[in-house]
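Trainee:
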Amino acid sequence: MEPSNHLSQSQLDLIPILSRATIFTGIGHIEQKMLADKCVIENYRPEEIVIEQGEIGDKLYIIIRGSVQVSIKTQSMGWKRINTLGSGDVFGEIAILRNIRRTARISTITACQFLTISASDFLAVYQYFPARARDNIQLVVAKRLQESGANVRL
1 MEPSNHLSQS QLDLIPILSR ATIFTGIGHI EQKMLADKCV IENYRPEEIV
51 IEQGEIGDKL YIIIRGSVQV SIKTQSMGWK RINTLGSGDV FGEIAILRNI
101 RRTARISTIT ACQFLTISAS DFLAVYQYFP ARARDNIQLV VAKRLQESGA
151 NVRL
């Protein structure tokens with residue numbers, strides 16, 4: 001994959017959003033451009049399920065605005081909220097990077113706008129990330145798996 005030297009204004013507008021996402025700490029401007037080229041904007045209303053625990057992951061999400069709750073299904077308590085995410089946070093990466101089913105349900109609390117990147121596009125760009133950026137992403141994934149209590153080997 002060759003990065004483009006010229007980006008449209010809409011792609012340039014996405015780069016600050018990508019650079020604020022903590023999971024992408026350590027990626028360079030070229031990788032940001034490559035990701036921006038693959039992003040799609042999606043809008044959701046309040047109280048909509050964005051991803052369901054157990055489904056196959058086909059994309060990751062970066063929250064542009066709004067907030068979501070992260071819930072897991074427990075045998076004893078039903079759905080249990082384990083986290084709340086907001087602007088700049090990323091979700092959906094675990095299923096893509098670990099090739100496992102979704103580990104949690106994500107539902108909107110407020111109206112939300114997301115940048116989304118398909119699994120195939122993300123993985124194609126991920127190979128160009130510097131080692132420290134890939135390590136950062138893997139640490140975030142491991143921490144989230146631990147927090148969710150997912151029975152997955154780290």
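Sequence positions in the sequence shown follow full-length UniProt numbering and run 1 to 154. The C-beta atom is built at its ideal place from N, Cα and C for all residues, glycine as well.
1. Evaluate K143 with the Cβ neighbour count: other Cβ atoms within 10 Å of its Cβ, from every protein chain shown; 16 or more gives buried, anything less gives exposed.
2. For E52, which residues in the same chain have their Cβ closer than 7 Å to its Cβ, ignoring the five residues on either side in sequence?
3. Helix, strand or coil, according to DSSP, for S19 in the structure here?
4. Rank T74, V125, V90, V141 by C-alpha distance to the C-alpha of V50 and give the top, closest one.
5. At 4 residues or longer, and completely inside the UniProt domain "Cyclic nucleotide-binding" (23-143): list those alpha helix (DSSP H) runs for me, N to C.
6. Buried or exposed: which applies to D13, given that a residue is buried once 16 or more other Cβ atoms fall within 10 Å of its Cβ?
7. How do the stretch 119-126 and the stretch 73-84 stand: do at least 3 beta-carbon pairs fall below 8 Å, yes or no?
8. Taking just the CA atoms, how far does G86 sit from M34?
9. For K59, count neighbouring Cβ atoms within 10 angstroms of its own Cβ and tell me buried if that reaches 16, exposed if not.
10. Any idea if G66 is buried or exposed, counting beta-carbon neighbours within 10 angstroms, 16 or more meaning buried?
11. Using only CA atoms, which one of L115, A21, Y44, Q69 lies nearest to I82?
Mentor: In this structure, then:
1. By the 10 Å Cβ count, K143 comes out exposed.
2. Result list for E52: R102, R105, in chain order.
3. For S19, the three-state secondary structure derived from DSSP is helix.
4. For V50, the nearest C-alpha among the options comes from V90.
5. Taking only runs of at least 4 residues, the alpha helix (DSSP H) segments lying wholly in the UniProt domain "Cyclic nucleotide-binding" (23-143) are 29-38, 93-98, 119-126.
6. Classification for D13: exposed.
7. The stretch 119-126 makes no contact with the stretch 73-84, as fewer than three CB pairs between them are under 8 Å.
8. The alpha-carbon atoms of M34 and G86 are separated by roughly 24 Å.
9. Residue burial is scored here from C-beta neighbours: K59 has at least 16 other C-beta atoms within 10 angstroms and is therefore classed as buried.
10. The Cβ neighbour count for G66, taken over all protein chains shown within 10 Å, is at least 16; the residue is labelled buried.
11. If you compare the alpha carbons of L115, A21, Y44, Q69 with that of I82, the shortest gap goes to Q69.
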